[in-house]
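Numbering-wise, the numbering used here comes out as the position in the sequence shown, counting from 1, plus 56.
A quick write-up on the structure given underneath.
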Amino acid sequence: MLNVLLAIIVSATIDSTTLFIGDQTTVRLQATCDATEQVQMPVYGETLINEVEIVERTNIDTTKLKDGRFQLNQQLTVTSFKDSLFFISPIPFVSGEDTFWSEGLTLNVVQPFEIDTTLAITDIKPIAKAPIWAWGIIRWILIAILLIGLAIGSYYLYVFVGKRKGVIPEKPAEPARPAEEVALEKLDQIKEAKIWQSGQVKEYHTELTDVVREYIGSRFDVRSSEKTSDETLRAMKPILSEKKDLFEQLRKMLSLADLVKFAKWTTTPDENEMALRTAYTFVHETTPEPSEEEKEETV
């Protein structure tokens, strides 16, 4: 997409012309000029056009080419939450009193899930105030006092026995359970609970993604529980570079969970089952192969 006038060449390209709602793509702006020319790159606010938001932008990078000319580059990360085909008008680049235009761009944003238009729109439920249970508070205070007393008694008993019989050798700490073992155990519990079948769909997807996020934190040292879905996916993309199908399954699972939790999305039974299968698959396919020593111990 080039526009040539005299010694100045400008262009605007887009990495992906089709994406799902909430996904991101990159618009790349470029201008090439002689050393005697000055080109002003386009300036945007929070949106590229109406309904197309700019999530992130890079600083303008200037590179000197072999022929002595200069090339200016900038990248705009954009997204949209509207199911529509957008036309991005030619983008202006200014040099002195002249304006240079790139060719226009198109961006097709599609809805990845079917919307059931037969369901009525419901209001958000008001915040419910939990009743204060006096006996429950008193009971926890008594338990805390008892535990403190037991801890103090145990300490003095340890000191007394230690003085009479010498220092008691400490037991070796139990090794931490493998991340996949903990995750699969929690997924089995969610599967057995069957809470989405009783209408608790939001809680179901919340618990599923919590298990996957905790597993990602333990396995890959990515603090997914403290990140948004997009931040998690950006961190996991290079890790799963050789497992693109698995990355796509993870992206769909997290996107569906966000729609359920934040957009009151109504899921189908198949989508609920698929989310659980995706969680199991993700854990199984990212579990490292046992070492030779571990294999020998299991024989």
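For each residue, glycine too, the CB sits at the ideal point set by N, CA and C.
- Query: In three-state terms, what does DSSP make of Val95?
  - Reply: Correct three-state label for Val95: coil.
- Query: Excluding the five sequence neighbours on either side, which residues of its own chain have a C-beta within less than 8 angstroms of the C-beta of Ala313, listed in chain order?
  - Reply: Correct list, in chain order: His261, Thr262, Leu264, Thr265, Ser285 and Ala331.
- Ordered along the chain, which non-local residues of its own chain (more than five positions away) have a Cβ less than 7 angstroms from that of Lys120? Excluding sequence neighbours, Lys120 sits near Phe126.
- Would you decide whether Val316 is buried or exposed? Buried here means 16 or more other CB atoms lie within 10 Å of its CB. By the neighbour-count definition (other C-beta atoms within 10 Å, threshold 16), Val316 is a buried residue.
- Query: Considering only residues of the same chain and omitting the five flanking positions on each side of Arg84, which have a CB-CB separation below 6 angstroms?
  - Reply: Cβ neighbours of Arg84 within its own chain (closer than 6 angstroms, five residues either side excluded): Thr69 and Gln131.
- Ile272 versus Asp244: straight-line alpha-carbon distance, rounded: Approximately 18 angstroms between the Cα atoms of the pair.
- Residues near Lys138 in its chain [Cβ-Cβ closer than 8 angstroms; skip 5 each side]: Closer than 8 angstroms at the Cβ level, and outside the excluded window around Lys138, lie Ile77, Glu107 and Val165.
- How would you call Phe318, buried or exposed, if buried means at least 16 neighbouring beta carbons within 10 angstroms? The residue is exposed, with fewer than 16 neighbouring Cβ atoms inside 10 Å.
- Message: Using 9 angstroms as the threshold, is the C-beta distance between Thr334 and Val257 below it?
- Response: Taking 9 angstroms as the cut-off, the beta carbon of Thr334 is found no closer than this to the beta carbon of Val257.
- Check whether the Cβ atoms of Thr162 and Leu128 lie closer than 9 angstroms to each other. The answer is no: Cβ separation not under 9 angstroms.
- Message: Please return the same chain residues whose Cβ sits closer than 8 angstroms to the Cβ of Asn115, not counting the five positions on each side in sequence.
- Response: By the criterion of a C-beta distance shorter than 8 angstroms, Asn115 is surrounded in its chain by Gln130, once the five residues flanking it on both sides are discounted.
- Message: Here's the rule: buried if 16 or more other CB atoms are within 10 angstroms of the residue's CB, otherwise exposed. What is Val60?
- Response: Its pLDDT being 45, under 50, Val60 is placed unreliably by the model, and the measurement read from it follows with that caveat. Residue burial annotation: Val60 is exposed, with fewer than 16 other C-beta atoms found within 10 angstroms of its C-beta.
- Can you check whether the CB of Ile246 is closer than 9 angstroms to the CB of Val267? If you check the CB distance, Val267 and Ile246 come in under 9 angstroms.
- Task: Going by CA-CA distance only, name the one from Glu236, Ser210, Lys122 and Glu159 that's closest to Ile144.
- Result: Glu159 is the residue among Glu236, Ser210, Lys122 and Glu159 whose C-alpha sits nearest the C-alpha of Ile144.
- Query: Which residue or residues does DSSP assign as beta-bridge partners of Trp157?
  - Reply: Answer is Pro148, bridged to Trp157.
- Leu61 by DSSP, collapsed to three states: which one? Confidence in Leu61 is poor, its pLDDT being 45 and thus under 50, which makes the residue's placement unreliable; the coordinate value appears in the next sentence. In this structure, Leu61 counts as strand in the three-state DSSP scheme.
- Residues bridged to Asp117 by DSSP? DSSP output for Asp117 lists Asn129 as bridge partner(s).
- Between which two residues does the beta strand (DSSP E) carrying Phe76 extend? Counting along the chain, the beta strand (DSSP E) containing Phe76 begins and ends at Thr74 to Phe76.
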